[in-house]
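Here's the structure we're looking at; comments come further down.
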Amino acid sequence: EVHLLESGGDLVQPGGSLRLSCAASGFTFSICAMTWVRQAPGKGLEWVSSIDTTGGGTYYADSVKGRFTISRDNSKNTLYLQMNSLRAEDTAVYYCAKINTQPRDWFDPWGQGSLVTVSS
Amino acid sequence: DIQMTQSPSSVSASVGDRVTITCRASQGISSWLAWYQQKPGKAPKLLISTASSLQSGVPSRFSGSGSGTDFTLTISSLQPEDFATYYCQQANSFPITFGQGTRLEIK
């Protein structure tokens, strides 16, 4: 069974940094593109970033470009999201998800999410 | 960026009702559209991909249609477990965008 488990969410001050991790199991992680999607409290879904199988291709929403970095370690079956210069509007539950095939595709399944709160 | 607009934003319905949710793209996306269901406190679940392909394990009362700019998600006979929020997502081009969501509530 495919399983994704996010970790690393925390309370952080504005301007701070945080790294989220997503541990994958139940599938061949190294051949699957991956993505991060976030959901602010009471709001809808917002795509954040996607990465191809090797990490050579990365894609970002304009709202996080230059501040967030997506990466992966295929030897550890783990996806990462390094978040710098955090703002209050980055407060959200962050989900990782497996992408169907190419980086621009459907997301299935999703992890349970990790809450990031940016506040002083 | 491609804007995805869902309607209605919320709908009240009864068990057994037929419900249709629409999603309109600001430009043509061929069939690069997915539908997700999200229940409170849970992660989204993929229901339909490529506009009309039902995912394995999803009940046949769910169906999707459309191409280009106009798409629909139909639930033929609502069951208690279907009350949730539904999102469309385009995968035609980056940035990937979602509709604002449609909340399906019990009447």
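Top line first, the protein sequences correspond to chains L and Y. Mapping of the first sequence onto this note's numbering: position 104 corresponds to residue 104, and the numbering continues sequentially without gaps. Mapping of the second sequence onto this note's numbering: position 98 corresponds to residue 1098, and the numbering continues sequentially without gaps. Glycine is no exception: its CB is placed at the ideal position from the N, C-alpha and C atoms.
Looking at the unbroken beta strand (DSSP E) that takes in Trp47 of chain L, where does it start and where does it end?
-> Leu45 to Ile51
Start and end of the beta strand (DSSP E) containing Pro109 of chain L?
-> Phe107 to Trp110
Could you name the residues of the same chain whose beta carbon sits closer than 8 Å to that of Ser1014 of chain Y, not counting the 5 residues immediately before and after it, in chain order?
-> Leu1078, Ile1106 and Lys1107
Would you say Ser1007 of chain Y reaches chain L, if we count a Cβ-Cβ gap shorter than 9 Å as a contact?
-> no
Say yes only if the C-beta of Ala1084 of chain Y is nearer than 8 Å to one or more non-hydrogen atoms of the ligand PLP, and no if none qualify.
-> Ligands are entirely absent from the displayed structure, and the ligand PLP is therefore not among its contents.
What number of angstroms, rounded off, separates the C-alpha of Ser1007 of chain Y from the C-alpha of Gly57 of chain L?
-> 34 Å
Tell me, please, which residues DSSP counts as bridged to Asp73 of chain L.
-> L:Thr78
In terms of DSSP beta bridges, what is Gln1099 of chain Y paired with?
-> In the sequence as presented, Gln is not what sits at residue 1099 of chain Y; that position holds Gly. Answer by DSSP bridge pairing: none, since Gly1099 of chain Y is not bridged.
Using the beta-carbon of each residue, which ones in chain L are nearer than 7 Å to Gln1119 of chain Y?
-> Residue 1119 of chain Y lies beyond the range of chain Y shown here (1001 to 1107); nothing can be said about it.
Quick one: what's got a C-beta closer than 8 Å to Ser120 of chain L's C-beta in the same chain, skipping five residues either side?
-> Gln13 and Pro14
For chain L, find out if any of its Cβ atoms is closer than 9 Å to the Cβ of Pro1080 of chain Y; answer yes or no.
-> no
Whose Cβ in chain L lies nearer than 7 Å to the Cβ of Pro1059 of chain Y?
-> None at all; the shortest Cβ gap to chain L is about 17 Å.
Contacts of Phe1094 of chain Y in chain L (Cβ-Cβ under 7 Å) = Tyr59 and Arg104
Which term fits Pro1095 of chain Y, buried or exposed, when burial requires 16 or more other beta carbons within 10 angstroms of its beta carbon?
-> buried
To the nearest angstrom, how far is it from the Cα of Ala1051 of chain Y to the Cα of Gln1100 of chain Y?
-> 17 Å
Could you list which residues in chain Y have their beta carbon closer than 8 Å to that of Asn100 of chain L, in chain order?
-> Ser1049
To which residues of the same chain is Ile70 of chain L closer than 6 Å at the C-beta, ignoring the five residues directly before and after it?
-> Ser49, Ile51, Thr58 and Leu81
Return no unless some Cβ of chain Y is closer than 9 Å to the Cβ of Gly26 of chain L.
-> no
Just the chain Y side, please: which residues come within less than 7 Å of Trp36 of chain L by C-beta, in chain order?
-> Per Cβ cutoff of 7 Å: no residues; Trp36 of chain L is ~11 Å from chain Y at best.
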